[in-house]
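Read the structure below first, then the notes.
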Amino acid sequence: MMKAESVRKKKNWASHQKTWYGKWHVWLGLLAGTIIFIVSLTGTILVYRDEIDQALNPELFHAPAQEKKLSFQQITEQIKRDHPGWKLEFLFRAEGENSENLPYRAHLEVKADEDEKEVFINPYTGKVTGSRIHESAFIDVVLAIHRTLLIPAVGRYIVGTAALILVILTISGLRLWIPRQWKYVKSRLTIKRNASLLRQNYDLHQVLGLYSSPMILLIALTGVVITFLTIIAPVMFLVSFEKPKSLAQILNNKSVYVKGAKPISIDSAIAIAQRAFPPRSEIRGLVFPDGQKGAYAVYGLGPYVTKTGDNNFVYIDQYSGKVNFNTSVDLPNTGKMYLNWVTPIHYGTFGGNVTRVVAFITSLVPSILFVTGILIWWPRWKGRARGKSRKANTVSGAEVPIKIHS
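Here it is in structure tokens:
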């Protein structure tokens, strides 16, 4: 008798739990679904952002390979001779399989009310081969939508919150997927093609959500980490049992201004960074000092998989050449993990073409789940709004307008 009562209570608790999971799943989906839909589609495009940008702008991304590339110092001096009024903010090498035939890219320092200008530089001659307004380029508009929804200040936090909701939706969806009896598991793994369109849509929502859930969780969680880095940065030090540092402290590296002192050359800054980086690292780019107290920031890539592996950067005093901050030694292991893996996982670049295809498909799935979810919810809501009286069929703790045979 007591055993039967215990079983009954467990079943009631499971039913009650699934009902609440169902409500959270529906209302959170409706609340953040449109944002998730937009971020999902733009994320799909960004998996192949470089290839798309180059295909849309072939005239900008063309620098026929020659015998030897110029150094950053030589390129900067050539630009100063050709364009005396220009001041570079940063200069970066091209990446990718065809990098020998691609130009370097630089951004010009502009006034606060001016549009940011991006220029393309032939690495063999130092000549500017093209330019564009950075914010107006298609791929950069897509990136801005993905990161901020084109809403200044608060947009990135809206996107980050939507990513967190996507994590909750994925977990609650997995809980709702679990059938009341395990003998019905097999029916939850496939789409019944001979069933009604509403039933097929329901099955598609379940099956697609189940199979894609591991990668969706990875992409959503890394999106949360990228968005809320200012909050997460101190935690990286805490979990490594080191004194916490905020992101502002890490990035606020300045040079000690010495009146009358001459800044070190770009070549010297590059050489200092090369010695500070792990062996065989490749210099990727350089951020120029901002004013008299600004520091050089030099970025490097370790000898591993392109766009992953050892991503490092150093801040160098522009007068003394002292390394103020070096990610190789000054970041805890959690911080290094962030630099090396968070963005590559988010965009699927960590494992080459295979993982990029997986990321492309996975990024598309949340938008499909939003549409199929609306198609499940809408008839039920419409029926309730009209005051129809009908016996509701309950599946996974949520009513649906079709009969589901598990």
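For the sequence shown, full-length UniProt numbering begins at 1 and goes up steadily by one.
Note that the Cβ used here is the ideal one computed from N, Cα and C, for glycine as well.
Keep in mind the model is a prediction, meaning the values are calculated, not measured.
Simplified DSSP assignment, three categories, for residue i
| i | result |
| --- | --- |
| Leu301 | strand |
| Glu89 | strand |
| His107 | strand |
| Asn353 | helix |
| Gly295 | It is worth fixing the name first, because residue 295 is Ala in this sequence and not Gly. The answer is strand: DSSP assigns Ala295 an E or B state. |
| Asp290 | coil |
| Tyr319 | coil |
| Val314 | strand |
| Phe138 | helix |
| Phe370 | helix |
| Ser363 | helix |
| Thr190 | coil |
| Gly260 | coil |
| Lys254 | coil |
| Glu95 | coil |
| Gly223 | helix |
| Gln66 | coil |
| Pro344 | helix |
| Phe237 | helix |
| Thr306 | Only weak support is given to the placement of Thr306: the predicted model assigns it a pLDDT of 47, under 50, and the value that follows is read from those uncertain coordinates. Residue state, collapsed to three classes: coil. |
Local Cβ density within 10 Å of residue i, reported as buried at 16 or more and exposed below that
| i | result |
| --- | --- |
| Val256 | exposed |
| Ala269 | buried |
| Arg384 | exposed |
| Met337 | exposed |
| Tyr347 | buried |
| Thr230 | exposed |
| Ile151 | exposed |
| Asp267 | exposed |
| Ala65 | exposed |
| Arg93 | buried |
| Asp203 | buried |
| Tyr296 | buried |
| Tyr184 | exposed |
| Asp317 | buried |
| Tyr315 | buried |
| Tyr157 | exposed |
| Leu251 | exposed |
| Pro289 | buried |
| Pro344 | buried |
| Asn98 | exposed |
Counterpart residues of residue i in DSSP-defined beta bridges
| i | result |
| --- | --- |
| Val128 | Ile121 |
| Ile52 | DSSP, once it has assigned bridges, lists no residue as partnering Ile52. |
| Glu282 | Leu301 |
| Phe325 | Tyr315 |
| Arg133 | Going by the sequence as given, residue 133 is Ile instead of Arg. Note: Ile133 sits in a beta bridge opposite Lys117. |
Sequence-distant residues of the same chain with beta carbon closer than 8 angstroms to residue i, five excluded per side
| i | result |
| --- | --- |
| Lys69 | Pro123 and Tyr124 |
| Ser40 | Ser363, Leu364, Val365, Pro366, Ser367 and Phe370 |
| Leu189 | Val207 and Leu210 |
| Lys117 | His107, Leu108, Val110, Ser131, Arg132, Ile133 and His134 |
| residue 417 | Outside the modelled stretch of the chain, which goes from 1 to 406, sits residue 417, for which no answer is possible. |
| Ile191 | Gln200, Asp203, Leu204 and Val207 |
| Trp177 | Arg188, Gln206, Gly209, Leu210 and Ser396 |
Nonlocal neighbours in the same chain, by C-beta distance under 6 angstroms from residue i, ignoring five residues either side
| i | result |
| --- | --- |
| Thr306 | Residue placement at Thr306 is poorly supported in this model, since its pLDDT is 47, which falls under 50; the coordinates still yield a value, given next. Excluding residues within five positions, none has a Cβ falling inside 6 angstroms. |
| Ser286 | A small correction: the amino acid at residue 286 is Leu; Ser does not occupy that position in the sequence shown. If we look at Leu286 and ignore the five residues flanking it on each side, its Cβ neighbours are Phe72, Leu91 and Val298. |
| Glu282 | Leu301 |
| Ile35 | Ala162 |
| Phe61 | Gln54 and Leu102 |
| Val239 | Thr334 |
| Lys87 | Glu109 |
| Leu217 | Thr170 |
Same chain, Cβ closer than 7 angstroms to residue i, neighbours up to 5 away in sequence not counted
| i | result |
| --- | --- |
| Trp377 | Val26 |
| Gly126 | Leu70, Gln74, Ile75, Gln78 and Ile79 |
| residue 407 | Nothing about residue 407 can be reported from this structure: the residues present for the chain run from 1 to 406 only. |
| Thr42 | Val142, Ile145 and His146 |
| Ile45 | Ile52 and Val142 |
CB contact below 7 angstroms: residue i versus chain C
| i | result |
| --- | --- |
| Leu189 | Although the question refers to chain C, the structure presented lacks it and comprises just one protein chain. |
- [ ] Kindly confirm or deny that the region 18 to 36 and the region 351 to 363 touch, where touching means at least three C-beta pairs closer than 8 angstroms.
- [x] Verdict: no, contact absent.
Open item on the list: Does the structure place the region 140 to 152 close enough to the region 74 to 88 that three or more beta carbon pairs sit under 8 angstroms?
Closed with: Touching, no.
Open item on the list: Measuring CB atoms only, is the region 213 to 225 touching the region 154 to 170, in the sense that at least three cross pairs come out at less than 8 angstroms?
Closed with: Short answer: they touch.
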